[in-house]
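**Student:** The structure under discussion is supplied below as structure tokens; questions concerning it will follow.
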Ligand SMILES: Cc1cc2nc3c(=O)[nH]c(=O)nc-3n(C[C@H](O)[C@H](O)[C@H](O)COP(=O)(O)OP(=O)(O)OC[C@H]3O[C@@H](n4cnc5c(N)ncnc54)[C@H](O)[C@@H]3O)c2cc1C
């Protein structure tokens, strides 16, 4: 099965934009891996997430902010011979990124980020009341290193 690295940043950005969710991998406070799925927004090489202020991930983001993210899309199961298991495979496109997770505290910046996230999923922008912005934690991850791959295309 053809498996190739994607170097074109425009193509990498398209894969991120077409992905419904990202998985964020971190190292927990006991030194063990911890991976969670998130909805996200993406703009100018930066991933944005919104979340609650409490919980396991909030403690990790605070104390161990280096994370690895994965995105994937365009899945398709195919086979060469219907009755031969090892001829089955998946077409997919995926991206891995690395970066440091940083909180965003400014009220207007948080509103802007919420609209980046909401626009991805609804294609709309919204107004927000102060508690809905104040009660949510918003983080950005500028992607330091990014790698793309496609398989079966
Ligand atoms: C498609 C999808 C999109 C999501 N988008 C977001 C988002 O945008 N923002 C957001 O904050 N959260 C999102 N979540 C939920 C997120 O993945 C976490 O479950 C949630 O944020 C709680 O994480 P925590 O570390 O604070 O867990 P805590 O509430 O502190 O719980 C800790 C324990 O619960 C278990 N646990 C935590 N999460 C899960 C889980 N998802 N499944 C099974 N066990 C779990 C772990 O074993 C952990 O030890 C999404 C989940 C899915 C499936």
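Numbering (our numbering), first residue to last: 29 to 181.
Every residue gets a Cβ at the ideal spot worked out from N, C-alpha and C, and that includes glycine.
All of these numbers come straight from a predicted model, not from anything done at the bench.
1) Please tell me whether residue 31 and residue 70 are closer than 8 angstroms, where the distance is taken between their beta carbons.
2) Could you tell me which whole alpha helix (DSSP H) segments of length 4 or greater appear in the segment 102 to 180?
3) How would you label residue 144, buried or exposed, when you count the other beta carbons within 10 angstroms and need 16 or more for buried?
4) How would you write the range of the alpha helix (DSSP H) that residue 89 sits in, first residue to last?
5) Going by beta-carbon coordinates alone, are residue 120 and residue 103 separated by less than 8 angstroms?
6) Any idea what DSSP makes of residue 67, helix, strand or coil?
7) Give me, in chain order, the residues of the same chain whose beta-carbon lies closer than 7 angstroms to that of residue 172; leave out the 5 immediate sequence neighbours on both sides.
8) On the three-pair Cβ rule with 8 angstroms, is the segment 52 to 67 touching the segment 79 to 90?
9) At the level of alpha carbons, what is the spacing between residue 137 and residue 109?
10) Please confirm whether residue 123 and residue 77 have their CB atoms less than 8 angstroms apart.
**Tutor:** Taking the definition as stated:
1) no
2) 135 to 150 and 158 to 162
3) buried
4) 84 to 91
5) yes
6) coil
7) 126 and 127
8) yes
9) 53 angstroms
10) no
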